[in-house]
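*Asks:* Following this message is one structure expressed as structure tokens.
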Amino acid sequence: MTANGMPASTIASSAPCAPPTGNLVPLLHEIRHALTRWLEQGEEHVIDLRSIPLAPGEEDSLLEQLGEGEVNARLSITGPSDIIETRYPAVWLITHYNENESIIGRFIEICEVPGILKSQADDIRAGLERLEDQLSNAETRA
Amino acid sequence: MSKDKTLGETLQERGVSRRSFLKFCATTASMMALPPAMIPVIAATLEKLRRPSVIWLSFQECTGCTESLTRSHSATIEDLIFDTISLDYHHTLQAASGSAAEHAREEAMQENYGNYILVVDGSIPGENNGYSTIAGISNKAMLLEVAAGAAAIVAVGSCAAFGGIPKADPNPTGAVSVSDLIKDKPIVNIPGCPPIPAVITGVLVQFLTFGLPELDQLGRPAAFYGNSIHDRCYRRPFYDKGLFADSFDDEGAKKGWCLFKLGCKGPTTYNACATTKWNDGTSFPIEAGHPCLGCSEPDFWDAGSFYKALSTPTEDIGKTAVYAGAAGLIAGAALGASLRARKQSAVKNHERVTIDDLDQES
Amino acid sequence: MSGPSFERGYNALKEEIDAPTAAFFSSCVHCGMCAEACLFFTETRDPKYTPIHKLEPLRKVWKQEYTFWGKLGKALGLSRPLTDQDLADWESLVYDSCTLCGRCSMVCPVGNDITYMIRKLREGMAAAGHAPKGLIDATKRAVTIGSPMGVKLPALQAQIRHTEKEYDVKVPMDVEGAEYLCLLSSMEIMNFPEYIGSIARIFKKAKVSWTLSSQAFEATNSGIQIGVSDIAAELVQRIVDVAEELKVKAVISPECGHAYMAIRWDGPNLVGKRFNFKVVHILELLDELRTQGRLKMKDKEARKLTYHDPCQIARRGGVIDQPRNLLNMLADNFVEMPETGKMNWCCGAGGGVSSNERADDLRLKTFARKKAQLDTINVDAIVSACSNCRIHLEEGLEEYHMELPLLSLTETIAEHLAEE
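Here it is as structure tokens:
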């Protein structure tokens, strides 16, 4: 039994009285520095939101400030993952869900395209095999 | 899954995409509190991993640790982790029973002697072996036998790690921890009553990918037990300002102030609750308004009332001295040269005090 | 010399402030937990008895002399500098309502050793002439006569003669090469001379080589209580000189709390060098004799007993298990008070409070805490190991109309010694 069945309002009930940790602004600065570094040196950066203490409500407030930009992709891989480019180009918000749609990981990536969004060589190879099989099957049948 | 195939091969065979695998590695890194830069390393190692045999022994315990593990928040991830290992013996989870179960254990031991991982939950009765037996074998005998062929031992839960509740005063069974009995094998302690499920799986994965993790002085993996609850607590700013809840329904409690005075053991408890949290990362005791009980620390059950404010650690004067000493060092550095000069002048101005200098009238 | 002055006191406080003190003051989170640990607060509920508040003059000096904002505030005239009147106002808080029992230091969540700082504050108070009359007089007697109670050698010799006659034992004096130099407290010589007979009998049975010294028999140290390290060092030095002269292996601290703390823990720091002899508390030695099988009892104590831990021996001194081992050997029915060992409550008279008549009413008031502890266990007698605790406990029991005998652990053991 997990908390999945609970209505969201119950889960977030502690939010109104939660004191801020003060980590929000430093986080935004970290993103700013990472963007500068990307422009100057092409260096990519990943922030694991799980590793930073955030009071209830603070993460929502962070997401609100980052907003949503031009790209919004959903991956269907053993539980969905949402890949959203925020209002700031090259600042990506990646949220992994399990099969019950509860969050199991959340990252901010500073890069052109998050690695996981790209097609993967292994998968391309497997896909090519499948296509070839399909074509040869069709030929045999014909 | 065959034991001689690597995890990468097995996953590919089962049609698990590379993206799924990357997602698994990313969430695992997060769970293990590793920097995101480690994700590719985890991926590369896990891919080549041949699944190790795991034998899980349960002694004087309440099955809470297994319950916790099977409620590990991500079904997907858990499946993957269990796919990476071969859980050859586990009382509660295995289908076999009776002599067939014991046979499975013996077989797994024989096949993988010297290479399997032994997971233990529960403490071991020390004085009278009759307090707890399995298939007629005493806990102690079974532990010693299985430990002899293990590559390493993972003690899950406060009972296995430190003795836990069975060891609580007056310790009727003379319960001892795994590390009290086994001295010649690497032991990783994952204390908690129960431990955070993600921490159990996280340590297993960390173990499989990087080998023995960095441990603290109590044998706990530093990645999860490196910070105190207090240091990572979102209510810490109130502690620093001296704002405390004095009862569970006063203004301070309603405003979410620090629960220190209500007995919170956060300052002396090392665990990942404040960041990893519980129940799908929903919350943790302090967020729900209750003080930390310190369940992942040794002898937490005998550390006085859960609701009595912490007066330095449980039974340890030494620690106070260490804190004071450490604080002294920091402030000592901060005093700085000019202040030292100020003090030096005071020392120089010292006139020896004799008994004639004590009376006002003299 | 020049006599006490505010300047000397202020200078002493500046001198006493060290890195731990600075760290302690800057770490205090004002949680107020030390108040609930202090029996002067719990028995009066008066917030002025909050331990950290008793340190206000020292904190002020630290802030104004050693912190940037404090110095700035003082320079700009924003904060009032410390005055002689402040010290005078604090005198009773620092001397009458603190027994240096150390309980507040145990509960401080940030590990502040408040007791350590009270001891430092007393250095400034004494140098500024704000120590209590009773303590000043005791200190003078300790330096000039050799005993805070004014006990002179002939008085001790008379007690020894009496003891030797009564118990048919020899009390060795000034024996060079003895293994142990035994110290006494004036209270034992004057109020509880049975102590001398007790150790003489025990040591005879256990074949311990020991001696008293005619030059340094007094173990107590008023210099520490009043807070003058110069005097404290002088008093410790007397013992060190004699111990070296007699070439003893160890010095035995008597059943007196602060004497043990003075010679064992503060001693080497005061004189500035390592002792070339060991220091043991009499209970440590007795427990050692017990484990060696050298203490044989003829019978057991039938009464239901409890043990009052003297703060300086248990909490500040670490001698906690030894008395319990001895009591379990001695009695079948030994019970603990509710809070005991290192968290025991002070009797209310330590740290110089008993030498300070002004504090008499207050210390008897605080005895209510001990009474409450005793009321929960219903014993036939209390055992302790500090003559100062013992005198005060007896007074307190009388004040609260309680009839309970008070026993010295050493003396009780001597009474039950097996005859050979």
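Each protein sequence line maps, in turn, to chains A, B and C. So that you can map any letter, position 36 of the first sequence is 35 in numbering that gives the first Met the number 0, and since no number is skipped, the others follow by simple counting. So that you can map any letter, position 210 of the second sequence is 209 in numbering that gives the first Met the number 0, and since no number is skipped, the others follow by simple counting. So that you can map any letter, position 410 of the third sequence is 409 in numbering that gives the first Met the number 0, and since no number is skipped, the others follow by simple counting. Here a beta-carbon is modelled for each residue, glycine too, at the ideal position from N, C-alpha and C. Since the model is a prediction, treat every value here as computed from it, not as a measurement.
1. Within 8 Å of any Cβ in chain B, is that where the Cβ of LEU92/A sits?
2. Identify whether ALA332/B lies in helix, strand or coil by the three-state DSSP scheme.
3. Does ASN377/C come out as helix, strand or coil in the three-state DSSP assignment?
4. Which partner residues does GLN59/B have in the DSSP bridge list?
5. Return the residue from the list PRO212/B, ILE199/B, PHE161/B, GLU8/B that minimises the CA-CA distance to ILE181/B.
6. Bridge partners of ASP81/A, per DSSP?
7. Kindly indicate which three-state DSSP category ALA134/B falls into: helix, strand or coil?
8. Any C-beta of chain C sitting closer than 8 Å to the C-beta of GLU350/B?
9. Return the first residue and the last residue of the beta strand (DSSP E) that GLU108/A is part of.
10. At 9 Å on the CB atoms, spell out the chain B contacts of VAL227/C, in chain order.
11. Among SER227/B, VAL155/B, PRO266/B, GLY293/B, which residue has its Cα nearest to the Cα of THR274/B?
12. May I ask which residues mark the beginning and end of the beta strand (DSSP E) holding TYR88/B?
13. Can you give me, in chain order, the residues of the stretch 275 to 293 of chain B that have a beta carbon less than 8 Å from any beta carbon in chain A?
14. CB-CB under 6 Å to PHE24/C, same chain, minus the five flanking residues each way: which ones, in chain order?
15. Where GLU287/C and GLY256/C are concerned, what is the direct C-alpha to C-alpha distance, given to the nearest angstrom?
16. Take PHE191/C and list the residues in its own chain whose beta-carbon comes closer than 8 Å to its own, dropping the five residues that flank it on each side.
17. Taking ALA146/B as the reference, which of LEU117/B, GLU101/B, ASN170/B has the closest Cα?
18. For LEU116/A, verify whether its CB is less than 7 Å away from any heavy atom of the ligand COA.
19. Measure from the C-beta of GLY41/A to each C-beta in chain B and report whether the shortest distance is under 8 Å.
20. Provide the residue span of the alpha helix (DSSP H) that contains ILE38/B, from first to last.
21. DSSP three-state label for ASP279/B, please.
22. Return the bridge partner residues of CYS181/C from the DSSP annotation.
23. Since PRO169/B meets chain A, which of its residues come closer than 7 Å, beta carbon to beta carbon?
24. Applying the 10 Å Cβ sphere with the 16-neighbour rule, what's the burial state of THR172/B?
25. Would you call VAL24/A buried or exposed, if buried means 16 or more other Cβ atoms sit within 10 Å of its Cβ?
26. Which residues in chain A sit within 8 Å of GLN11/B, going by Cβ to Cβ distance?
27. So the beta strand (DSSP E) HIS349/B belongs to, where does it begin and stop?
28. Name the DSSP bridge partner or partners of THR41/C?
29. Could you please give the first and the last residue of the uninterrupted beta strand (DSSP E) stretch that includes ASN188/B?
30. Note down the Cα distance separating PHE67/C from GLU39/A, rounded to an integer number of angstroms.
31. May I ask which residues mark the beginning and end of the alpha helix (DSSP H) holding THR26/B?
32. Could you confirm whether any beta carbon from chain C is found closer than 8 Å to the beta carbon of PRO362/B?
33. For THR208/B and ILE41/B, which I take to be in contact (beta-carbon distance under 8 Å), what is that distance rounded to the nearest angstrom?
34. Starting from THR208/B, find everything on chain A with Cβ-Cβ shorter than 9 Å and list it in chain order.
35. Take every Cβ of the stretch 36 to 51 of chain C, pair it with every Cβ of the stretch 90 to 108 of chain C, and state whether three or more of those distances are shorter than 8 Å.
36. If LYS184/C sits next to ALA258/C, beta carbons under 8 Å apart, how far is it from one beta carbon to the other, in whole angstroms?
*Replies:* The short version:
1. Reading the first sequence from its first residue, position 93 is the one you call residue 92/A. Closer than 8 Å: no.
2. In the second sequence, counting from the first residue as 1, residue 332/B sits at position 333. Because ALA332/B sits at a pLDDT of 45, beneath the cut-off of 50, its placement in the model cannot be relied upon, and the following sentence gives the value as read from the coordinates. In the structure shown, ALA332/B sits in a helix (DSSP, three-state: H, G or I).
3. As a working note, residue 377/C is residue 378 in the third sequence. It is coil, neither helix nor strand.
4. Mapped onto the second sequence, residue 59/B falls at position 60. GLN59/B pairs with SER122/B.
5. As a position in the second sequence, residue 181/B is number 182, starting the count at 1. Of PRO212/B, ILE199/B, PHE161/B, GLU8/B, the residue nearest in Cα terms is PHE161/B.
6. The residue given as residue 81/A occupies position 82 in the first sequence. Beta-bridge pairing links ASP81/A to ARG73/A, THR94/A.
7. Sequence index remark: in the second sequence, residue 134/B carries index 135 (1-based). Residue state, collapsed to three classes: coil.
8. To locate residue 350/B, count along the second sequence from 1; it is residue 351. Yes - at least one Cβ of chain C is within 8 Å of the one on GLU350/B.
9. Taking the first residue of the first sequence as position 1, residue 108/A is located at position 109. GLU108/A -> beta strand (DSSP E) spans 102 to 109.
10. Numbered from 1 along the third sequence, position 228 holds the residue referred to as residue 227/C. Residues of chain B passing the Cβ test: VAL352, THR353, ILE354, ASP356, LEU357.
11. Here residue 274/B is taken as the residue at index 275 of the second sequence, counted from 1. Ranking SER227/B, VAL155/B, PRO266/B, GLY293/B by Cα distance to THR274/B puts SER227/B first.
12. As a working note, residue 88/B is residue 89 in the second sequence. Per DSSP, TYR88/B belongs to the beta strand (DSSP E) from 85 to 89.
13. THR275, ASN278, ASP279, GLY280, THR281, SER282, GLU286, ALA287, GLY288
14. For the purposes of this step, residue 24/C is taken as the residue at position 25 of the third sequence. Answer for PHE24/C: ARG58, TRP61, listed in chain order.
15. Mapped onto the third sequence, residue 287/C falls at position 288. Mapped onto the third sequence, residue 256/C falls at position 257. The alpha-carbon atoms of GLU287/C and GLY256/C are separated by roughly 19 Å.
16. As a first step, residue 191/C is located in the third sequence; it is residue number 192 there, counting from the start. So the qualifying residues of the chain are SER386, ARG389, SER407, GLU410.
17. What you label residue 146/B is simply residue 147 of the second sequence in a count that begins at 1. Checking every option, the nearest Cα to that of ALA146/B belongs to LEU117/B.
18. Inclusion of the ligand COA in the displayed structure is not the case, the ligand content being empty and no account of it being possible.
19. Counting from 1 along the first sequence, the entry for residue 41/A is found at position 42. No, no contact with chain B.
20. Residue numbering aside, residue 38/B sits at position 39 when the second sequence is read from its first letter. Its alpha helix (DSSP H) spans residues 38 to 47.
21. Working through the second sequence from its first residue, we reach residue 279/B at position 280. Correct three-state label for ASP279/B: coil.
22. Sequence index remark: in the third sequence, residue 181/C carries index 182 (1-based). Bridge partners of CYS181/C: ILE251/C.
23. Taking the second sequence and counting its residues from 1, one reaches residue 169/B at position 170. Those do not exist, as PRO169/B stays about 35 Å from chain A at its closest Cβ, beyond 7 Å.
24. Here the question's residue 172/B lines up with position 173 in the second sequence. So THR172/B ends up on the buried side.
25. As a position in the first sequence, residue 24/A is number 25, starting the count at 1. By the 10 Å Cβ count, VAL24/A comes out exposed.
26. Mapped onto the second sequence, residue 11/B falls at position 12. Residues of chain A passing the Cβ test: ASP121, ALA125.
27. Position 350 of the second sequence, counting from 1, holds the residue named residue 349/B. It is not in any beta strand (DSSP E) - HIS349/B carries neither H nor E in the DSSP assignment.
28. The residue given as residue 41/C occupies position 42 in the third sequence. In DSSP, THR41/C forms no bridge with anything.
29. Mapped onto the second sequence, residue 188/B falls at position 189. 186 to 189 is the extent of the beta strand (DSSP E) around ASN188/B.
30. Taking the third sequence and counting its residues from 1, one reaches residue 67/C at position 68. Taking the first sequence and counting its residues from 1, one reaches residue 39/A at position 40. For PHE67/C and GLU39/A, the distance between alpha carbons rounds to 41 Å.
31. As a first step, residue 26/B is located in the second sequence; it is residue number 27 there, counting from the start. Taken as a continuous stretch (DSSP letters only), the alpha helix (DSSP H) holding THR26/B covers 17 to 30.
32. Nothing can be reported for residue 362/B: it is not among the residues displayed for chain B, which extend from 0 to 361.
33. As a first step, residue 208/B is located in the second sequence; it is residue number 209 there, counting from the start. As a first step, residue 41/B is located in the second sequence; it is residue number 42 there, counting from the start. About 5 Å separates the two Cβ atoms, so the contact holds.
34. Residue 208/B sits at position 209 when you count from the first residue of the second sequence. Per Cβ cutoff of 9 Å: no residues; THR208/B is ~17 Å from chain A at best.
35. yes
36. The sequence position of residue 184/C within the third sequence is 185, counting from 1. The sequence position of residue 258/C within the third sequence is 259, counting from 1. The question names Lys, yet the displayed sequence has Ser at residue 184/C. Right, the Cβ-Cβ distance comes to about 6 Å (below 8 Å), so this counts as a contact.
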